[in-house]
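Residue numbers (the numbering used here): 12 to 108.
In structure tokens:
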């Protein structure tokens, strides 16, 4: 290979190498951006899932608390009715106070 052709080939190789390096850098940046976007989406999905789970737990807890409160209120009402019934029985049996 003559010197002129060798210099031309080296120059051509350098001219190709520079755009290839830029292309590789762009491809790496795009891959990094895609990986970051995927990771961000995964974190957002996990956060949404955790929020949904927390909401479901809170709802279940509130429902259970409501049921317990209702049961307690019913028990108190029943006890009051029984006390009133006994009081009336005593009044009937022994006369009013």
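Ideal Cβ placement from N, Cα and C applies to all residues, glycine included.
Would you say residue 65 touches the ligand GDP, meaning its beta carbon is less than 8 Å from a heavy atom?
-> Questions concerning the ligand GDP fall outside what the structure shown contains, since it holds no ligand whatsoever.
Can you tell me the Cα-Cα spacing of residue 38 and residue 68, whole angstroms?
-> 44 Å
Excluding the five sequence neighbours on either side, which residues of its own chain have a C-beta within less than 7 Å of the C-beta of residue 100, listed in chain order?
-> none
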